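When you line the sequence shown up against the numbering used here, it's residues 5 to 258, in that order.
Notes follow the structure.
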Amino acid sequence: MTTTEPTPTLIVDEETISAYRKDGVTTIRNVISPEEAARFRDAAIAVSGIASDYAGSSAIFNQYVNVWQQNDVLRELTLHPNVAAAATALAGVPVRVWHDHLLIKPPHNGAATEFHQDAPYWPHAGSRQSLSAWIALVDVPVERGCMTFIPGSHHHQGLRAQDLADRDDLFRVAPDLRWEQRLTIPLRAGDCTFHNAYLAHSATPNLTDDPRIAHVTIYIDADTTYTGGGHVVSDGLGLTPGQPFAHESFPKVG
Ligand SMILES: O=C(O)CCC(=O)C(=O)O
5 MTTTEPTPTL
15 IVDEETISAY
25 RKDGVTTIRN
35 VISPEEAARF
45 RDAAIAVSGI
55 ASDYAGSSAI
65 FNQYVNVWQQ
75 NDVLRELTLH
85 PNVAAAATAL
95 AGVPVRVWHD
105 HLLIKPPHNG
115 AATEFHQDAP
125 YWPHAGSRQS
135 LSAWIALVDV
145 PVERGCMTFI
155 PGSHHHQGLR
165 AQDLADRDDL
175 FRVAPDLRWE
185 QRLTIPLRAG
195 DCTFHNAYLA
205 HSATPNLTDD
215 PRIAHVTIYI
225 DADTTYTGGG
235 HVVSDGLGLT
245 PGQPFAHESF
255 PKVG
């Protein structure tokens, strides 16, 4: 993986792409610079003070959805050309943004994000390569709520949605995954992991005195179609079941 400044010229090499396709996860260090991360962190803190928390009173994290539609600085991050270019290269197909969210674990939040896959939560059909870019806006060592993945688990498709508050739920529907190796990835501010939407993942609790602040952009195959199911980012938009997400809320990128 090599990067060239300025954007949008991040190149993901073939070795990284083929490892990602096999494992369902890869890390890209410095996908944004530490200076950019600090600017986006400040914007994230400001937004978290005024936006509504979709996760409500959950101990797991505070969740602020579609911040790109609420804040011009965070819009730059969600639509960041380098991140979108990397997502497109890893997916291997054209992509559009499904949604973004800030996921903030307050200091000493006391709760892990338990193992789950993302794709079963979504009203999508025909999506094979959907993936998330999880960008650390602060340093995220293991103790501050970093992500853990089960490499290769994205080949488990068709599972029901799993409860990310229940430590055992994923393993009820896929018992073999309990015995697979796990990959825990601490990140410095500005680093990113990309994970496939079917990859099982979790995050540790935040045991530290500082918040864990992550910005996540979720990309879906551009030709993914809408099932008609409910979801906070697609409800009320007048989408037609069976048709692609051709709406300004889901811009094509990359
Ligand atoms: O950051 C977390 O705690 C969990 C993130 C997650 O599940 C995701 O980005 O899909």
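Backbone N, C-alpha and C define an ideal beta-carbon position, used for all residues, glycine too.
None of the values given here were measured: they were computed from a predicted structure.
Three-way DSSP call (helix, strand, coil) for H112 in this model = coil
I21 and L94: beta carbons closer than 8 Å?
-> yes
Member of T30, H199 and I64 whose CA lies at the smallest distance from the CA of S134 = H199
Confirm the yes/no value for this check: CB of W102, any heavy atom of ligand 1, distance under 7 Å.
-> no
Under the three-state DSSP convention, the category N86 falls into | helix
Would you decide whether G149 is buried or exposed? Buried here means 16 or more other CB atoms lie within 10 Å of its CB.
-> Per the 10 Å Cβ criterion, buried.
Going by the beta-carbon positions, is the gap between V257 and V101 smaller than 8 Å?
-> Yes, they are a contact pair.
Just how far apart, CA to CA, sit V146 and T152?
-> 9 Å
For H103, which residues does DSSP report across the bridge?
-> I222
Proximity winner among V97, R176 and H219, relative to R45 (alpha-carbon distances) | Taking only the C-alpha atoms, the option nearest R45 is H219.
With a CB to CB cut of under 7 Å and the five nearest residues on each side skipped, what residues in its chain are close to V77?
-> R43, F44 and A47
Going by Cα to Cα distance, which pick from Q121, P179 and A140 is closest to I217?
-> A140
Write down the C-beta distance between T197 and V87 rounded to the nearest angstrom, noting that I regard them as a contact closer than 8 Å.
-> So it is not a contact: roughly 12 Å between Cβ atoms.
So, L181 versus V29, is the Cβ gap smaller than 8 Å?
-> no
State buried or exposed for L241, treating a residue as buried only when at least 16 other CB atoms are found within 10 Å of its CB.
-> exposed
Residue interval of the alpha helix (DSSP H) (run including T20) | E18 to D27
F249 versus G232: straight-line alpha-carbon distance, rounded = 11 Å
Taking only beta-carbon positions, decide if A116 is within less than 8 Å of chain B.
-> Although the question refers to chain B, the structure presented lacks it and comprises just one protein chain.
Three-state secondary structure (DSSP) of A95 | helix
With DSSP run on the structure shown, which of helix, strand or coil describes Q67?
-> Correct three-state label for Q67: strand.
Should F65 be counted as a contact of ligand 1 given a C-beta to heavy atom distance under 7 Å?
-> yes
Spatial neighbours of T31 in its chain, beta-carbon cut-off 6 Å, leaving aside the 5 residues before and after | I189 and T197
Determine the burial state of Q247: buried for a count of at least 16 other Cβ atoms within 10 Å of its Cβ, exposed for fewer.
-> So Q247 ends up on the exposed side.
Taking the Cβ atom as the reference point for each residue, do A55 and V35 lie within a distance shorter than 8 Å?
-> no
Please work out which residues of its chain come closer than 8 Å, Cβ to Cβ, to D214, disregarding the five sequence neighbours upstream and downstream, and give them in chain order.
-> P111, V142 and R148
According to DSSP, is T6 helix, strand or coil?
-> Below a pLDDT of 50, predicted positions are generally treated as unreliable, and T6, at 41, falls in that range; no measurement from the model is reported.
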